[in-house]
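Novice: Input: one structure, supplied below.
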Amino acid sequence: MTDDIEAKTEQLTRDPTSLVFLELGEALRRRGRLEAAVRVALTGVERHPDLLDAHDLYARVLADVGDFARARETWAGVLARDPRHLGALKGLGFLYYWAGDLDSALDHLEDALATDPTDQSVVQALMTVRAAAQEEPAQDTSDTEEPDPVFAGLDGAERGILLVDDRGRILGGRLQSLAGTDVSDRAAAYLAGATQEAERTARLLELGTWQSIVAEGQGGNIHVSAPTQTSLLLIVRDRGVPAGRLSMLAQRAAHAARRWLEGQQL
Amino acid sequence: MSERFLRALERITRVGGVRGAMLVTADDGLIIADASMEDVRGHAVAALASSLAKRFIRVSKAATLGSPQFLHLQAEHGTLVIVTAMNGVLVVTMGGSEMNVGLARLEMLRVAEVVV
Chain U
1 MTDDIEAKTE QLTRDPTSLV FLELGEALRR RGRLEAAVRV ALTGVERHPD LLDAHDLYAR
61 VLADVGDFAR ARETWAGVLA RDPRHLGALK GLGFLYYWAG DLDSALDHLE DALATDPTDQ
121 SVVQALMTVR AAAQEEPAQD TSDTEEPDPV FAGLDGAERG ILLVDDRGRI LGGRLQSLAG
181 TDVSDRAAAY LAGATQEAER TARLLELGTW QSIVAEGQGG NIHVSAPTQT SLLLIVRDRG
241 VPAGRLSMLA QRAAHAARRW LEGQQL
Chain A
1 MSERFLRALE RITRVGGVRG AMLVTADDGL IIADASMEDV RGHAVAALAS SLAKRFIRVS
61 KAATLGSPQF LHLQAEHGTL VIVTAMNGVL VVTMGGSEMN VGLARLEMLR VAEVVV
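In the order they appear, the protein sequences are chains U and A. Residues in the first sequence are numbered consecutively from 1, following my numbering. Residues in the second sequence are numbered consecutively from 1, following my numbering.
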């Protein structure tokens, strides 16, 4: 494989306009050499702006480095120009699956299968997503814990989602350590100050309204956002969950929080 | 020493959308090296980044997740990204909303290795 990468690199060096960058970028990302893959893909996009496969390659690398928002944007741009682009349909199907939006994942993967019925990776992905879609209601009903009033039905509502008010008082959700200890109170105490810190930073640096803070720790990743002006939402997931997916989960939780808070005011 | 750090930081500033990159002491927010555009208020960025990092280290530890190695504040018109190096140094990058965070992060991690 390394020889293959070297050979393709030499070929691209000899002829920078060669389309071999598509194979080289893919080989690099499969080897986990993401930094090099980003450079190859970006250069390819710059040299061949009308080549949709170049954008597709770039989006795949972006997804690998966890920049899911930009990957989604890039694939959406490809589909706007070619609604039957297989790579973009598969890529968006993958992103929606990880975001928990199984219906949209199925839509894109079914379109991908219609584009190329022989693609086994699409067949396999469709089977996985359909199985997940069938299991989803069963998981909800099998949960023996009392459903959380704010986040009932959301993945991790009983252990990795916390909603606090601007004084750090817990409004909903629960946070557990890896050992299963409830750490909601401790985390909530620091969160009240965190929102002020974020507001101050964004204001003084003239960045406008702050939208989210992601912190990637040794034991897991945190996503913090403000569903309303007087509340703060903390989502915690293990490191295996990419930042992009965490962000999408946070959007769903924020929507649930706003709906619940509005209900409390009625 | 500073020249070496500046060269390392310039790799970050070449990423699209980045307006400034700097090395900052984690404890007190002092600038070690700064490669920012003229209109970026370096000392304010350094102080605020250090303060934000300290706050989120507390939140992360309270959630028993350990110290965060990467922090990303996303705002309406821009973004602030912080990578914690091993020796009490923060690599701080600020940019517009168009900043390529994935690529900037890769370069910041390289810089974090250089300053150890």
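Just so it is clear, CB atoms sit at the ideal spot from N, CA and C, and this is done for glycine as well. Being a predicted model, the structure only gives us computed values, none of them experimental.
Apart from the five residues just before and just after R14 of chain U, which ones in its own chain have a Cβ nearer than 7 angstroms to its Cβ?
Specialist: Along the first sequence, read from residue 1 onward, the residue named residue 14 of chain U stands at position 14. Within the same chain, R14 of chain U has no close Cβ partners at all.
Novice: Counting contacts by CB-CB distance shorter than 9 angstroms, is W210 of chain U in contact with chain A?
Specialist: Within the first sequence, numbered from 1, the residue matching residue 210 of chain U stands at position 210. By this cut-off, W210 of chain U is an interface position.
Novice: Chain A partners of Y190 of chain U, CB-CB under 8 angstroms?
Specialist: Your numbering for residue 190 of chain U matches position 190 in the first sequence. Within chain A, the residues whose beta carbon sits less than 8 angstroms from that of Y190 of chain U are R55, R58, V59 and A62, listed in sequence order.
Novice: Excluding sequence positions up to five away, which residues of its chain have a Cβ less than 7 angstroms from the Cβ of D143 of chain U?
Specialist: Within the first sequence, numbered from 1, the residue matching residue 143 of chain U stands at position 143. The predicted model places D143 of chain U with a pLDDT of 46, which falls under 50 and marks its position as unreliable, so this point remains unresolved.
Novice: Per the contact definition of three or more C-beta pairs closer than 8 angstroms, is the stretch 222-232 of chain U in contact with the stretch 164-176 of chain U?
Specialist: yes
Novice: Ends of the beta strand (DSSP E) at M99 of chain A?
Specialist: Indexing the second sequence from 1 puts residue 99 of chain A at position 99. Premise fails: M99 of chain A is in no beta strand (DSSP E) and is neither H nor E.
Novice: Using a threshold of 9 angstroms, state whether the C-beta atoms of M94 of chain A and T79 of chain A are closer than that.
Specialist: Against the second sequence, residue 94 of chain A aligns to sequence position 94. Against the second sequence, residue 79 of chain A aligns to sequence position 79. Yes. Within cutoff.
Novice: Work out the CA separation of R245 of chain U and L52 of chain U for me, nearest whole Å.
Specialist: Position 52 of the first sequence, counted from the first residue, corresponds to residue 52 of chain U. Position 245 of the first sequence, counted from the first residue, corresponds to residue 245 of chain U. Rounded to whole angstroms, L52 of chain U to R245 of chain U spans 25 angstroms at the Cα level.
Novice: Would you mind sorting Q134 of chain U into buried or exposed? The rule is 16 or more other CB atoms within 10 Å of its CB.
Specialist: Start at 1 with the first residue of the first sequence, and residue 134 of chain U comes out as number 134. Exposure of Q134 of chain U is indicated by the presence of fewer than 16 other C-beta atoms within 10 angstroms of its C-beta.
Novice: Whose Cβ in chain A lies nearer than 9 angstroms to the Cβ of T228 of chain U?
Specialist: Here residue 228 of chain U refers to the residue found at position 228 when the first sequence is read from its first residue. The premise fails here: T228 of chain U is roughly 16 angstroms from chain A at the closest Cβ pair, so nothing lies under 9 angstroms.
Novice: Against chain U, which members of the stretch 39-51 of chain A pass a CB distance test of less than 7 angstroms?
Specialist: A44, V45, L48 and S51
Novice: Determine the closest residue to E158 of chain U out of U:G168, U:S177 and U:R169, with distance taken between C-alpha atoms.
Specialist: Sequence index remark: in the first sequence, residue 158 of chain U carries index 158 (1-based). Across the set U:G168, U:S177 and U:R169, the C-alpha of U:S177 shows the shortest separation from the C-alpha of E158 of chain U.
Novice: Name the one or two DSSP bridge partners that N221 of chain U has.
Specialist: Numbered from 1 along the first sequence, position 221 holds the residue referred to as residue 221 of chain U. Partner(s): U:E216 and U:R237.
Novice: For T79 of chain A, write down the residues that DSSP places opposite it in a beta bridge.
Specialist: Taking the second sequence and counting its residues from 1, one reaches residue 79 of chain A at position 79. In the DSSP output, where bridge partners are listed per residue, T79 of chain A has A:Q74 and A:G95.
Novice: Looking at C-alpha atoms only, which residue of A:M99, A:D34 and A:A26 is the closest neighbour of L6 of chain A?
Specialist: Here residue 6 of chain A is taken as the residue at index 6 of the second sequence, counted from 1. Per the Cα distances, A:D34.
Novice: Tell whether a beta-carbon distance below 9 angstroms holds between A21 of chain A and V111 of chain A.
Specialist: Taking the second sequence and counting its residues from 1, the one referred to as residue 21 of chain A is at position 21. Taking the second sequence and counting its residues from 1, the one referred to as residue 111 of chain A is at position 111. A contact, by the Cβ cut-off of 9 angstroms.
Novice: Quick one: what's A21 of chain A bridged to in DSSP?
Specialist: As a first step, residue 21 of chain A must be located in the second sequence, where it is residue number 21. Checking the DSSP bridge columns, you'll see A21 of chain A partnered with A:A35 and A:T93.
Novice: If you pair each beta-carbon of the stretch 170-185 of chain U with each one of the stretch 12-20 of chain A, do three or more pairs fall below 8 angstroms?
Specialist: no
Novice: Could you tell me whether the Cβ atoms of E26 of chain U and L57 of chain U are closer together than 9 angstroms?
Specialist: Here residue 26 of chain U refers to the residue found at position 26 when the first sequence is read from its first residue. Here residue 57 of chain U refers to the residue found at position 57 when the first sequence is read from its first residue. Contact: yes.
Novice: If you reduce the DSSP assignment to three classes, tell me which class T118 of chain U lands in.
Specialist: Within the first sequence, residue 118 of chain U is the residue found at index 118, counting from 1. T118 of chain U falls in the coil class under three-state DSSP.
Novice: Pull up the DSSP beta-bridge partners for S231 of chain U, would you.
Specialist: Here residue 231 of chain U is taken as the residue at index 231 of the first sequence, counted from 1. Paired residues: U:D165.
Novice: Can you round the beta-carbon distance between G208 of chain U and H77 of chain A to whole angstroms, since I take them to be within the 8 angstroms contact cut?
Specialist: Walking along the first sequence from the start, residue 208 of chain U turns up at place 208. Walking along the second sequence from the start, residue 77 of chain A turns up at place 77. Between H77 of chain A and G208 of chain U the Cβ distance is about 4 angstroms, and since that is below 8 angstroms, they are a contact.
Novice: Any Cβ of chain A within less than 9 angstroms of the Cβ of I222 of chain U?
Specialist: Looking up residue 222 of chain U in the first sequence gives position 222. Closer than 9 angstroms: yes.
Novice: Compare the C-alpha of L205 of chain U against each of A:I32, A:D28 and A:L52 and name the closest.
Specialist: The residue given as residue 205 of chain U occupies position 205 in the first sequence. Among A:I32, A:D28 and A:L52, the Cα nearest to that of L205 of chain U is on A:L52.
Novice: Does the count of Cβ pairs from the stretch 54-72 of chain U and the stretch 117-133 of chain U closer than 8 angstroms reach three?
Specialist: no
Novice: Can you grab the Cα-Cα spacing for the pair D101 of chain U / L191 of chain U, in whole Å?
Specialist: The residue labelled residue 101 of chain U in the question sits at position 101 within the first sequence. The residue labelled residue 191 of chain U in the question sits at position 191 within the first sequence. For D101 of chain U and L191 of chain U, the distance between alpha carbons rounds to 29 angstroms.
Novice: Helix, strand or coil: how does DSSP classify L86 of chain U here?
Specialist: To locate residue 86 of chain U, count along the first sequence from 1; it is residue 86. Looking at L86 of chain U - three-state DSSP - the assignment turns out to be helix.
Novice: Report the three-state DSSP secondary structure of R41 of chain A (helix, strand or coil).
Specialist: Taking the first residue of the second sequence as position 1, residue 41 of chain A is located at position 41. DSSP places R41 of chain A in coil when its eight states are reduced to three.
Novice: I need the DSSP call for R110 of chain A, collapsed to helix, strand or coil.
Specialist: Here residue 110 of chain A refers to the residue found at position 110 of the second sequence. It is helical.
Novice: State the Cα-Cα distance for the pair Q139 of chain U and G66 of chain A, rounded to the nearest angstrom.
Specialist: Walking along the first sequence from the start, residue 139 of chain U turns up at place 139. Walking along the second sequence from the start, residue 66 of chain A turns up at place 66. With a pLDDT of only 46 at Q139 of chain U, under 50, the local geometry of the prediction cannot be trusted, and the value read off the model is given with reservation. Roughly 30 angstroms separates the two Cα atoms.
Novice: Under 7 angstroms Cβ-Cβ, which residues of chain A neighbour I235 of chain U?
Specialist: Locating residue 235 of chain U in the first sequence gives position 235, where the first residue counts as 1. Chain A residues near I235 of chain U: none, gap ~11 angstroms exceeds 7 angstroms.
Novice: Just curious, the alpha helix (DSSP H) that R30 of chain U is in, first and last residue?
Specialist: Indexing the first sequence from 1 puts residue 30 of chain U at position 30. Residues V20 to R30.
Novice: Between A:A47, A:T64 and A:M108, which has its C-alpha nearest G220 of chain U's C-alpha?
Specialist: Here residue 220 of chain U refers to the residue found at position 220 when the first sequence is read from its first residue. Considering only alpha carbons, the answer is A:T64.
Novice: Does A26 of chain A pass the burial test, meaning 16 or more other C-beta atoms within 10 Å, or should it be called exposed?
Specialist: Your numbering for residue 26 of chain A matches position 26 in the second sequence. By the 10 Å Cβ count, A26 of chain A comes out buried.
Novice: Give me the Cβ distance between F151 of chain U and G173 of chain U, rounded to the nearest whole Å; I'm assuming they're in contact under 8 angstroms.
Specialist: Start at 1 with the first residue of the first sequence, and residue 151 of chain U comes out as number 151. Start at 1 with the first residue of the first sequence, and residue 173 of chain U comes out as number 173. The pair is a contact, with the Cβ atoms about 5 angstroms apart (cut-off 8 angstroms).
Novice: Alpha carbons only, please: which of A:K61, A:I82, A:H43 and A:V24 is nearest the one belonging to L175 of chain U?
Specialist: Here residue 175 of chain U is taken as the residue at index 175 of the first sequence, counted from 1. In terms of Cα proximity to L175 of chain U, the closest of A:K61, A:I82, A:H43 and A:V24 is A:K61.
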